[in-house]
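Chains as they are written, first to last, in UniProt numbering: chain R, 1 to 442; chain X, 1 to 304. Glycine included, each C-beta is placed from N, C-alpha and C at the ideal position. Because the structure is a prediction, the values reported are computed rather than measured. A quick write-up on the structure given underneath.
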Amino acid sequence: MSAVVFARHAMTPAERLRDAGWVAFVGLILGIPLVGLTTVDVGGRLGVETRFGLLVAAVAAVFAGRLLLRWSIDQARNRKLARDQASTATAADRAHGAQKVVTVLGWVALGASIALPIFYSDNRYVVDTATTVLIYVMLGWGLNVVVGLAGLLDLGYVAFYAVGAYSYALLSTQFGWSFWEALPVSGALAATFGILLGYPILRLRGDYLAIVTLGFGEIIRIILVNWTEFSGGPNGISSIPRPSFFGLEFTRSAPEGSQTFAGFFGLDFSPMHRLIFLYYLILVLALLTHAFVSRLRKLPVGRAWEALREDEIACKAMGMNTTNIKLSAFAIGAMLGGFAGVFFAARQGFISPESFVFTESAIILAIVVLGGMGSQMGVVLAATLLVLIPEFGRNFAEYRMLLFGLAMVLIMVWKPGGLLAHREPTLRLNPLGKAASNKEAA
Amino acid sequence: MAYALQQLINGLTLGAMYGLIAIGYTMVYGIIGMINFAHGDIFMVSAFIAVTAFTILAAADVTSIPLALTFVLIVSIFFTSAYGWAVERTAYRPLRGSTRLAPLISAIGMSIFLQNAVQLTQGARVKPIPPVLEGGVVLWDAPGFTVQIGWSQMLIIVTTVVLMLAFTWMITQTPFGRQQRACEQDRTMASLLGVNVDRTISFTFMLGAALAAVAGVMVTVYYGVVDFFIGFLAGIKAFTAAVLGGIGSLPGAMLGGLLIGLIESFWAAYLWAEYKDVATFGILCLVLMLRPSGLLGRPEVEKV
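What follows is the structure, encoded as structure tokens:
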């Protein structure tokens, strides 16, 4: 902690009012064209309708909101200042403590996710939502390899998700492959796409790379929409077979010569069995992804990714082959996205290009960045948050995406480094260096 | 031949609009190095303001077209610049100096927010306005096909050319332009030399929004329909144009916009219309592979 404490003079009530008044004035200007006025259909032509009551209410809300926000920010800041001065713990201790909390949180989250279907075994909605959260966690972990570890900005990640989903859908509906046969093949296909895309463009700098990946995502989507003979066009592919539990189907009655899951275990048939099975399936896939990525981070290739993120020129000077390192990150990220896509197709039983729009890429990227780039636990936190915000918003359905966008902005402004900022290299040469860096980081 | 000429005119019109939006991207990128993802939605907001303004004028029985256009342009530019300013102030300024990705995410959030705010307050339906400028000049009455340049097309091209000239003058000759370029080169040094960096950046955002507002009015006049989703595709195309021309370069943005407009209209006319976006992005990839800094961009020299 720095020794200098900046004295902040407290705002007088008059200053607070003036500040809020100014914000309300801006709100008024912004509100006039969108809130105060609207065009409505009057007998086949547009007519203007004024809503000045609503506008006044909105401006008043902005005024009050600004007063409250400013006041609570000041309060929080003072409290933090007081706490910082009172506590004798060093920054290193605190960072270490935070790390411990995250580890404990991780185990708690794991326990909770294993136990969840037991407690909610008849609540279809909860299990379904939890499955969605896990899909995003897995996608987030996959993209984390590309963005968080290797530092390559990928705005078209959803393309690999789509490749995985469509590979499984086509392999299973056209050639009758099972989920487990198609899973590795689809992952490999997605990785191949990653390499095909990556090879020509990886020498581009940051934002050029971002727009090309964005373009690639759009190209894949447009092809899926328009190449009807191949992908079913906008109608997508339906009746994709569901995965079975070691050959046991989750249906009411089994086809000739096989058994159903319920029949084999002597249970009454329940559609929840499949949902819970799918939930555990994605949980296992996500945990495997986690284990895989955590191992990779400690291998030379993982360290190379982190080095590349920190300083590309230094890496080149050390004689590292930056193209191959970037390609490996791209391919592995794509493969993980492909796996998630296979699961998605198998779970939905129906896919269409609608599911693979740019917003989806943006949400996955937001999960990685909001969570704190490179932090595995942060991805879990952010994925849970971003899936649950729209779900909670269902009560006032039309506002949910509005709240979602607002939340993205607010979280970013509140914590620019992400919820769990983590930019520490995974490995260090010696423990002394680690202690020193902790101090710097905090 | 006549058909090709017509496509050339259409492509130039489309390209001029992309170019106007692309300037907003390229200026913001030049000065703070971030992709302003909400810019396309600012453009969309301006189109909605234009629709409202046109409807008010129609209700007030204003029949003079130049008067109406001037009024709508002024109103739209004023409110849209306010939006540009507010977006920068709330979503980007607090994040200045943090990681490169933080403002990008908050920009994506802002884009989602604006889209939904407009959808909620103005309705999700497509808004049609009665045609403002009809007819045009017949350039060539070839057998079987008439080449025509519409008044609205002429308006768009002339406005764009005038704005580009004014803009180039402003950036190269006026004190503001000098400050803007100074901030682009070195923000710390500029602030040491007495340039108000915050104000310059705010003003850059307002200028970008104002140009997007002009494009928004033009789109409303040209197509006559507006919906809350037009910002996304226009934004992506304009950003592609900015990158194609070399991001940070103003003439590059215009050139990129024109190229994308031409590629799109020719591709749609002669090949497969449904794959025109694929062509745009494909050509972008090709150009970037050959010239990694865009057509007019200077290659960035990285020093250690």
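Handout entry: M138/R classed as buried or exposed, judged by whether at least 16 other C-beta atoms fall within 10 angstroms
Key = Burial state of M138/R is buried, judged by a 10 Å Cβ sphere holding 16 or more other Cβ atoms.
Exercise for the section: Could you tell me whether the stretch 86 to 96 of chain X touches the stretch 252 to 260 of chain X, using the rule of 3 or more Cβ pairs below 8 angstroms? Expected result: Fewer than three Cβ pairs drawn from the stretch 86 to 96 of chain X and the stretch 252 to 260 of chain X lie within less than 8 angstroms of each other, which leaves the two stretches out of contact.
Exercise for the section: Confirm the yes/no value for this check: CB of L139/R, any heavy atom of the ligand MN, distance under 7 angstroms. Expected result: You won't find the ligand MN in this model; it holds no ligand whatsoever.
Practice task
Would you kindly report the start and end of the unbroken alpha helix (DSSP H) that includes R18/R?
Solution key: According to the DSSP assignment, R18/R belongs to the alpha helix (DSSP H) that extends over 13 to 31.
Handout entry: Any chain R beta carbon closer than 8 angstroms to A252/X
Key = Note that residue 252/X is Gly in the sequence shown here, rather than Ala. Chain R contact via Cβ: absent.
Handout entry: Same chain, Cβ closer than 8 angstroms to L284/X, five either side skipped, listed in chain order
Key = Excluding positions up to five away in sequence, the list reads T240, V243, L244.
Exercise for the section: Within the same chain, show all residues whose beta-carbon is closer than 6 angstroms to that of V217/X, passing over the 5 residues directly before and after it, in chain order. Expected result: Result list for V217/X: A50, V72, L73, S76, in chain order.
Exercise for the section: Quick one: grab the DSSP three-state call for K434/R. Expected result: Reliability of the predicted coordinates at K434/R is poor, the pLDDT of 47 falling under 50, and no value is obtained from them.
Practice task
Give a yes or no on whether 8 angstroms exceeds the smallest Cβ distance from A234/R to chain X.
Solution key: Sequence check: residue 234/R is Pro here, not Ala. Output row for P234/R: interface = no.
Problem - beta strand (DSSP E) segment containing V35/R, residue limits - result: Note, V35/R: premise wrong, no beta strand (DSSP E); not H, not E.
Handout entry: Reference A115/R; option with closest CA among Y279/R, N144/R, R203/R, A14/R
Key = Selected option, being the one with the closest Cα: Y279/R.
Handout entry: Beta-bridge pairing of I149/X - partner residues as DSSP gives them
Key = Within the DSSP secondary-structure output, I149/X pairs in a beta bridge with V137/X.
Practice task
Assuming T213/R and D154/R form a contact by the criterion Cβ under 8 angstroms, report the distance between their Cβ atoms to the nearest whole angstrom.
Solution key: Contact between T213/R and D154/R holds: CB atoms are separated by about 5 angstroms, below the 8 angstroms threshold.
Exercise for the section: Return no unless some Cβ of chain X is closer than 8 angstroms to the Cβ of Y208/R. Expected result: Yes, its Cβ sits closer than 8 angstroms to a Cβ of chain X.
Exercise for the section: Work out the CA separation of G111/R and V104/R for me, nearest whole Å. Expected result: Computed Cα separation, rounded: 11 angstroms.
Exercise for the section: Find the residues of chain X that neighbour E310/R, judging by a C-beta separation of less than 8 angstroms, and give them in chain order. Expected result: The premise fails here: E310/R is roughly 12 angstroms from chain X at the closest Cβ pair, so nothing lies under 8 angstroms.
Problem - Coarse secondary structure for R51/R, derived from DSSP in three states - result: If DSSP states are grouped into helix, strand and coil, R51/R belongs with coil.
Handout entry: Beta bridge counterpart(s) of D41/R as assigned by DSSP
Key = For D41/R, which the question treats as bridged, DSSP gives the partners L46/R.
Exercise for the section: Could you pull the start and end residues of the alpha helix (DSSP H) that L69/X belongs to? Expected result: Segment 65 to 87, the alpha helix (DSSP H) holding L69/X.
Practice task
Determine the contact status of M412/R and L370/R, defining contact as a CB-CB distance below 8 angstroms.
Solution key: Yes, the pair counts as a contact, with Cβ atoms nearer than the cut-off.
Problem - C-beta neighbour in chain X for residue 455/R, strict 8 angstroms - result: One cannot answer for residue 455/R here, as it falls past the ends of chain R, which runs 1 to 442.
Practice task
Return the residues of the stretch 260 to 271 of chain X that lie within a Cβ-Cβ distance of less than 7 angstroms from chain R, sorted by chain order.
Solution key: Within the stretch 260 to 271 of chain X, no residue has a Cβ that lies closer than 7 angstroms to any Cβ of chain R.
Problem - 8 angstroms contact criterion, which residue 471/R and A334/R should meet: CB distance rounded - result: In the structure as shown, chain R begins at 1 and stops at 442. Residue 471/R is therefore absent and cannot be evaluated.
Practice task
Go ahead and label Q122/X buried or exposed: buried means 16 or more other beta carbons lie within 10 angstroms of its beta carbon, across all protein chains shown.
Solution key: In summary, Q122/X is buried, with 16 or more beta-carbon neighbours lying within 10 Å of its beta-carbon over all protein chains present.
Practice task
Output the distance between the C-alpha atoms of P234/R and R221/R, rounded to the nearest integer angstrom.
Solution key: Near 10 angstroms, if we compare the C-alpha coordinates of R221/R and P234/R.
Exercise for the section: Counting only the same chain and skipping the five closest in sequence on each side, list residues whose C-beta sits under 6 angstroms from that of P390/R. Expected result: Same-chain partners within the cutoff: R400, F404.
Handout entry: Outcome for N116/X when other beta-carbon atoms lying within 10 angstroms are tallied against a minimum of 16
Key = Result: buried.
Practice task
List the endpoints of the continuous alpha helix (DSSP H) containing A273/X.
Solution key: Boundaries for A273/X: no alpha helix (DSSP H) harbours it, and the DSSP string shows neither H nor E there.
Exercise for the section: Inspect the CB distances between the stretch 265 to 275 of chain R and the stretch 321 to 330 of chain R and report whether three or more fall short of 8 angstroms. Expected result: Inter-segment contact for the stretch 265 to 275 of chain R and the stretch 321 to 330 of chain R is absent: fewer than three beta-carbon pairs are separated by less than 8 angstroms.
Exercise for the section: Indicate whether F48/X and V226/X have their beta-carbon atoms separated by less than 8 angstroms. Expected result: Here F48/X is near V226/X, since their CB atoms are less than 8 angstroms apart.
Practice task
Use the C-beta contact count for P103/X: other C-beta atoms within 10 angstroms, 16 or more gives buried, fewer gives exposed.
Solution key: P103/X should be labelled buried.
Exercise for the section: Output yes if chain X places a C-beta closer than 8 angstroms to the C-beta of A20/R; else output no. Expected result: So, not an interface residue.
Problem - Simplified DSSP state of F245/R, which is helix, strand or coil - result: Three-state result, F245/R: strand.
Practice task
Determine whether the Cβ of Y275/X lies closer than 8 angstroms to any Cβ atom of chain R.
Solution key: Taking 8 angstroms as the CB threshold, Y275/X lines the interface with chain R.
Handout entry: 7 angstroms Cβ cut-off: residues of chain X touching A362/R
Key = Per Cβ cutoff of 7 angstroms: I108.
Exercise for the section: Alpha carbon to alpha carbon, how far is F205/X from F43/X? Give it in angstroms, no decimals. Expected result: The alpha-carbon atoms of F43/X and F205/X are separated by roughly 12 angstroms.
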